[in-house]
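Taking it in order: structure first as structure tokens, then the write-up.
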Amino acid sequence: MPLTAEPATIPQPTIEEGTQSKDELAPTYNVVCWNDPVNLMAYVTHVFMKLFGWEKQKAQKHMLEVHEKGKSVLVREGAEKAEFYVHELQKYKLHATMERAE
Amino acid sequence: MRLIRQSENLWQYQLSKNETDILNSLVKKFPFHDNGPVQISKIEKDAKTVEREHLLADSLTEHRKELKKLAVQLLGPEKWKVGPKGNMLTLSSASREVLLQLLNDIRVGCWHALGEPESLDVPITTKTAFGYRNLMDLAGVFEMSLLEPEEQE
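From first to last, the protein sequence lines are chains W and X. Numbering-wise, our numbering puts 68 at position 62 of the first sequence, and it's gapless, one number per residue. Numbering-wise, our numbering puts 470 at position 27 of the second sequence, and it's gapless, one number per residue.
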């Protein structure tokens, strides 16, 4: 057993060009709400406010986008959170899906 | 049905006898229709998406079971008081939210039963379809009564 500790050798990290962190590689998803003729506009606004904590003005903007353009991208999230939002929106009977963001 | 009083967590509504009967019968109809096809993506159909759709289907089934349990207590006798101008229904914010979800579930269920028409203006030709449409409209009327205060803000 040596009486004096030898200096530890710390390996230097190898930095490769063009690599990305795990977060950068993880795909993101758009949570999309689609139009239907049955959900009331006031109800859709209510659900957006409740679920995303949005102000009424923002919730209405997205509701009108759904109504007039057929769909609205509500949020862009990682897979797990996007999936959570789709579950919650569908529990409210809104037609929502998650689509891989470009 | 109209909102009489609202505090931080309590909502008190006044309903006529007729409205009370209709609301009770509506809530008893839940779940009116099965969930229908579950879709989590319109574009992707890979194995991961299929797995996600199974999870979503399970989650929705569980949620409806929970809603059914809550529906039994939702309009229990302790929630009602007879007032001078009708019946008074007192709901917590959470119960109000559950009632809203139940009514909308019934409304959307009727739409599924009608064959998911792209427009609700199509003429009703059968007695069965008329029943669905009637139920859908009734659910919508009560939904709007619940949401009206938010609309006026």
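The C-beta atom is built at its ideal place from N, Cα and C for all residues, glycine as well.
Can you pull the DSSP bridge partners for W:GLU83?
For this step, residue 83 of chain W is matched to residue 77 along the first sequence. The beta-bridge partner set that DSSP reports for W:GLU83 consists of W:TYR35.
Please list the terminal residues of the continuous beta strand (DSSP E) segment that includes W:ALA102.
Locating residue 102 of chain W in the first sequence gives position 96, where the first residue counts as 1. Its beta strand (DSSP E) spans residues 102-106.
Ends of the beta strand (DSSP E) at X:TRP523?
Residue numbering aside, residue 523 of chain X sits at position 80 when the second sequence is read from its first letter. Per DSSP, X:TRP523 belongs to the beta strand (DSSP E) from 523-526.
Quick check on W:ALA32: buried or exposed, where buried means 16 or more other Cβ atoms within 10 Å of its Cβ?
For this step, residue 32 of chain W is matched to residue 26 along the first sequence. W:ALA32 should be labelled exposed.
Residues in the same chain with beta-carbon distance under 7 angstroms from X:SER484, minus the five sequence neighbours each way, listed in chain order, please.
Translated into the one-based positions of the second sequence, residue 484 of chain X becomes position 41. Apart from sequence neighbours up to five positions away, the residues of its chain that approach X:SER484 with a beta-carbon distance below 7 angstroms are THR492, ordered along the chain.
Closer than 8 angstroms at the beta carbon, the chain X residues around W:PRO43:
By 1-based counting over the first sequence, the position of residue 43 of chain W is 37. Going along chain X in sequence order, the residues near W:PRO43 (Cβ under 8 angstroms) are TRP554, PRO560, GLU561, SER562, LEU563.
Sub-8 angstroms separation of X:GLN544 and X:LEU510 beta-carbons:
Walking along the second sequence from the start, residue 544 of chain X turns up at place 101. Walking along the second sequence from the start, residue 510 of chain X turns up at place 67. Result yes, Cβ atoms of X:GLN544 and X:LEU510 sit closer than 8 angstroms.
Check whether the Cβ atoms of W:HIS93 and W:SER78 sit closer than 8 angstroms, and answer yes or no.
Counting from one through the first sequence, the residue named residue 93 of chain W turns up at place 87. Counting from one through the first sequence, the residue named residue 78 of chain W turns up at place 72. No, these two residues do not count as a Cβ contact at 8 angstroms.
Alpha-carbon spacing of W:GLU83 relative to X:ARG495, whole angstroms:
Residue numbering aside, residue 83 of chain W sits at position 77 when the first sequence is read from its first letter. Residue numbering aside, residue 495 of chain X sits at position 52 when the second sequence is read from its first letter. In this structure, the straight-line span from the alpha carbon of W:GLU83 to that of X:ARG495 is close to 16 angstroms.
Compute the Euclidean distance between the alpha carbons of W:ALA107 and X:ILE567, then round it to the nearest angstrom.
If you number the first sequence from 1, residue 107 of chain W lands on position 101. If you number the second sequence from 1, residue 567 of chain X lands on position 124. C-alpha separation (whole angstroms): 41 angstroms.
Nearest-angstrom Cα separation, counted from W:CYS39 out to X:TRP454:
Your numbering for residue 454 of chain X matches position 11 in the second sequence. Your numbering for residue 39 of chain W matches position 33 in the first sequence. If I take the Cα positions, the gap works out to 29 angstroms.
Establish whether the CB of W:HIS93 and some CB of chain X are separated by less than 8 angstroms.
Counting from 1 along the first sequence, the entry for residue 93 of chain W is found at position 87. Taking 8 angstroms as the CB threshold, W:HIS93 lines the interface with chain X.
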